[in-house]
Amino acid sequence: MFQLKTHLGVKEKTHDSDLKTAKERVIQNKKLYKQILHCAEILPTQAFTPIDTLKQTAIMVNDSRIVDILNSIEKTGFEEIEQDLIYPLRQHIEYYDDLQRRIDDCHKTRIDMDRHKEKLESLMKKTGKEGKIKEYQIKFDAEKERYSKLRSDIISETECLEEERMTIARPIMSSLLVCYTKYLNSVSKGWKQIEETMKEIPPNFQFSEEQHKIIPVIGAKSEQYKKVQSLYYFEPNEENELLLNEGDIIKVYKEDGEWWYGENNGKTGYFPSNYVRII
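Under the UniProt record's numbering, think of the first position of the sequence shown as 1, with each following residue one higher.
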């Protein structure tokens, strides 16, 4: 129930705790659904990122077979998120937007109702104002009826939405898990092909515990690597280039024209061959 203002004065307003509570619930629930929607929208991108990163790497190293396998991994499952979850959530949020607009409209109606009530009470204290009294009585009754109808619908719908919120949480989570599981199954199927491909790759790499990274093996012993000494300071311009300080000792893994590939202070990258001398 709501209590109408009963005393003349600008500080006396109709108090409606039920409508205030309804507004707070609408705002809170709409915020919750927006957060859920955000999670549902970013999940596909986050899930695809590792596969896309591997594919880009395979493209850069010209491994067409791995590229084909990674391309074959279907993004199965996530197309259902758009239809079964994202679209319904957006519609649900729009419903909350509409309900919030009606709450604001109800608030404006309450202000008009209080204003007409105040004017009516003021006129009733004066004589010879019967015509005006009747006019404002009609206005007040109309706003009061409209306010009662609006608040009744709002509170009823808010209560229904509150009950619904408690029942749809688990289906939302289940929908996400089902879609993600379908995608993982697709990844698993493609990954079996990658595992078979890996068996055919010659052992050109070994793990160096000292350096804590994978380094290419040119010979049976590390002493077979050519070593050079930096003659000048070299500042990298690209991410795959190697920082050199004058006097640094660099282990050369690959010689490719004017740019060599090697290791310096635990980091690997390309450096200009004319910046070093063989030792």
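In this text, a Cβ means the ideal position worked out from N, Cα and C, and glycines have one as well.
- Within the same chain, and ignoring the five residues on either side of L32 in sequence, the residues whose Cβ sits closer than 8 Å to its Cβ are R165.
- If you look at Y232, you'll find it isn't in any alpha helix (DSSP H); DSSP assigns it neither H nor E.
- Shortest Cα-Cα distance from D18 to any of N274, E157 and V276 involves E157.
- The criterion of a C-beta distance shorter than 9 Å is not satisfied by K254 and K227.
- Pairing A40 with L85 gives a Cβ-Cβ distance under 9 Å.
- Residues of the same chain with a CB within less than 6 Å of the CB of I155, apart from the 5 flanking positions on each side, are D18 and A22 in chain order.
- For the set T45, Y87 and E246, the Cα lying nearest the Cα of F234 is the one of E246.
- By the CB criterion at 9 Å, D16 and R146 fall outside the cutoff.
- If the five residues before and after I36 are omitted, its C-beta is found closer than 7 Å to the C-beta atoms of L89 and I172, all from its own chain and listed in chain order.
- Going by DSSP, Y95 is part of the alpha helix (DSSP H) stretching over Y87 to M124.
- Burial check for L120: the Cβ neighbour count within 10 Å reaches 16 or more, so the residue is buried.
- CA-CA distance, W259 to S273, rounds to 6 Å.
- Per DSSP, the continuous alpha helix (DSSP H) segment holding V26 begins and ends at S17 to M60.
- Shortest Cα-Cα distance from I138 to any of K117, L43 and K149 involves K117.
- In this structure, the straight-line span from the alpha carbon of T127 to that of D112 is close to 24 Å.
- If you check the CB distance, N29 and Y96 come in under 9 Å.
- In the assembly as shown, G262 is a buried residue. Its beta-carbon has 16 or more other beta-carbons within 10 Å.
- I69: member of the alpha helix (DSSP H) spanning S64 to S72, first to last residue.
- Taken atom to atom, the span from the alpha-carbon of D68 to that of L243 is near 35 Å.
- Taking C-beta separations shorter than 7 Å and ignoring five residues to either side along the sequence, the partners of R277 in its chain run V228, Q229 and L231, following chain order.
- Of all alpha-carbon atoms in R110, L161, E239 and K189, the one lying nearest the alpha-carbon of E74 is that of K189.
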